[in-house]
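Peer 1: In numbering that gives the first Met the number 0, the protein residues as written are 0 to 176. Just so it is clear, CB atoms sit at the ideal spot from N, CA and C, and this is done for glycine as well. From a predicted model like this one, the values you see are computed outputs, not experimental measurements.
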Amino acid sequence: MRAIGFETIRSALPEAAIEALGVATHLGDYSVVVLVGMIGVAVLEEEGDRVPFAVVVFGGIGLATVAKIVFGLPRPPGAGIGGYGFPSGHALGSTVVYGLLAHRIGTRHAVIGAAVVVAIVATSRIAIGVHYPTDVLAGVGMGAAYLVLALSALEEWPQPEREVSNDRLATDGGSER
């Protein structure tokens with residue numbers, strides 16, 4: 000059942016596309032998504048907000064790792080790499096990190112860009128023969144669900160106190176209202 004569509008997708012792609020997707024798949028490597036996530040968080044977040052967002056990035060990778068162990072489903076025959084196949088960690092991690100950055104940037108272009116990157120990474124995993132379509136769909140779905148829950152939790156995260164500006168001290172004595 001997991002193999003439905005696997006050969007159809009792979010056989011529909013020209014060899015040049017498979018080679019290009021073999022390069023693009025690295026956008027979902029754990030080392031790349033962690034690096035992209037940490038750079039993005041450092042650039043986009045105020046200093047006090049960095050820790051919770053780093054927790055979201057690493058939590059997504061942890062979720063992928065635990066889910067692979069819990070489900071314990073193999074990769075397609077001939078994948079050429081070890082480890083479990085379900086869910087796709089590349090798809091899950093990409094969804095979390097690129098989705099988090101799109102949320103923080105907050106523009107439609109950022110959301111579209113993140114969706115395109117996630118779609119490329121997910122497709123690449125099937126094209127290079129290391130995941131079934133169900134693996135990548137589960138990875139994207141789990142990543143999206145985790146991201147929604149994590150962002151909801153971040154709204155409840157205690158915010159660091161901000162310094163009161165001198166202008167405010169001069170006008171209202173610095174009182175909190």
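Which value, in whole angstroms, describes the spacing of the CA atoms of valine 22 and methionine 37?
Peer 2: By 1-based counting over the sequence shown, the position of residue 22 is 23. By 1-based counting over the sequence shown, the position of residue 37 is 38. The straight-line gap from Cα to Cα measures roughly 22 Å.
Peer 1: Kindly indicate which residue of His89, Val54, Phe70 has the alpha-carbon position closest to the one of valine 129.
Peer 2: Against the sequence shown, residue 129 aligns to sequence position 130. The shortest Cα separation from valine 129 among His89, Val54, Phe70 belongs to His89.
Peer 1: Could you give the DSSP three-state label for isoleucine 119: helix, strand or coil?
Peer 2: The sequence position of residue 119 within the sequence shown is 120, counting from 1. Three-state result, isoleucine 119: helix.
Peer 1: Taking just the CA atoms, how far does proline 76 sit from valine 55?
Peer 2: In the sequence shown, residue 55 corresponds to position 56, counting from 1. In the sequence shown, residue 76 corresponds to position 77, counting from 1. One C-alpha to the other measures close to 33 Å.
Peer 1: If you draw a straight line from the C-alpha of threonine 106 to the C-alpha of alanine 113, how long is it?
Peer 2: In the sequence shown, residue 106 corresponds to position 107, counting from 1. In the sequence shown, residue 113 corresponds to position 114, counting from 1. Roughly 11 Å separates the two Cα atoms.
Peer 1: Are the Cβ atoms of proline 86 and aspartate 28 separated by less than 7 Å?
Peer 2: On the sequence shown, residue 86 is found 87 positions in, with the first residue counted as 1. On the sequence shown, residue 28 is found 29 positions in, with the first residue counted as 1. It is not a contact, given that the beta carbons lie outside the stated cut-off.
Peer 1: So, for leucine 12: in the same chain, excluding its five sequence neighbours on each side, which residues have a beta-carbon less than 6 Å away from its beta-carbon?
Peer 2: Taking the first residue of the sequence shown as 1, we reach residue 12 at position 13. Excluding residues within five positions, the ones whose Cβ falls inside 6 Å are Ala126.
Peer 1: Here's the rule: buried if 16 or more other CB atoms are within 10 angstroms of the residue's CB, otherwise exposed. What is proline 73?
Peer 2: Your numbering for residue 73 matches position 74 in the sequence shown. Proline 73 should be labelled exposed.
Peer 1: Per DSSP, what kind of secondary structure is serine 87 in: helix, strand or coil?
Peer 2: Here residue 87 refers to the residue found at position 88 of the sequence shown. Coil, per DSSP.
Peer 1: Is valine 95 near glycine 71, with beta carbons less than 7 Å apart?
Peer 2: As a working mapping, residue 95 is identified with position 96 in the sequence shown. As a working mapping, residue 71 is identified with position 72 in the sequence shown. Taking 7 Å as the Cβ cut-off, valine 95 and glycine 71 do not qualify as a contacting pair.
Peer 1: Could you round the C-beta distance between serine 93 and valine 120 to whole angstroms and report it? I think they count as a contact, below 8 Å.
Peer 2: As a position in the sequence shown, residue 93 is number 94, starting the count at 1. As a position in the sequence shown, residue 120 is number 121, starting the count at 1. 4 Å between Cβ atoms; contact.
Peer 1: Please list, in chain order, all residues of the same chain as glycine 32 whose beta carbon is under 7 Å from its beta carbon, the five residues on each side excluded.
Peer 2: Numbered from 1 along the sequence shown, position 33 holds the residue referred to as residue 32. Contrary to the premise, residue 32 reads as valine rather than glycine in this sequence. Answer for valine 32: Gly92, Ser93, Val96, listed in chain order.
Peer 1: With a CB to CB cut of under 7 Å and the five nearest residues on each side skipped, what residues in its chain are close to alanine 149?
Peer 2: Here the question's residue 149 lines up with position 150 in the sequence shown. Result list for alanine 149: Val55, Gly58, in chain order.
Peer 1: Buried or exposed: which applies to glycine 98, given that a residue is buried once 16 or more other Cβ atoms fall within 10 Å of its Cβ?
Peer 2: By one-based count along the sequence shown, residue 98 stands at place 99. Glycine 98 is buried by the Cβ-count criterion.
Peer 1: So, are the CB atoms of arginine 103 and leucine 43 less than 7 Å apart?
Peer 2: Numbered from 1 along the sequence shown, position 104 holds the residue referred to as residue 103. Numbered from 1 along the sequence shown, position 44 holds the residue referred to as residue 43. Yes. Within cutoff.
Peer 1: Would you mind stating whether valine 39 and leucine 136 have Cβ atoms separated by less than 7 Å?
Peer 2: To locate residue 39, count along the sequence shown from 1; it is residue 40. To locate residue 136, count along the sequence shown from 1; it is residue 137. Note on identity: in this sequence residue 39 is glycine, with valine being the wrong assignment. It is not a contact, given that the beta carbons lie outside the stated cut-off.
Peer 1: Count the other C-beta atoms from every protein chain shown that fall within 10 angstroms of the C-beta of serine 30, then say buried if there are 16 or more, exposed otherwise.
Peer 2: As a first step, residue 30 is located in the sequence shown; it is residue number 31 there, counting from the start. Exposed, because fewer than 16 other Cβ atoms sit within 10 Å of the Cβ of serine 30.
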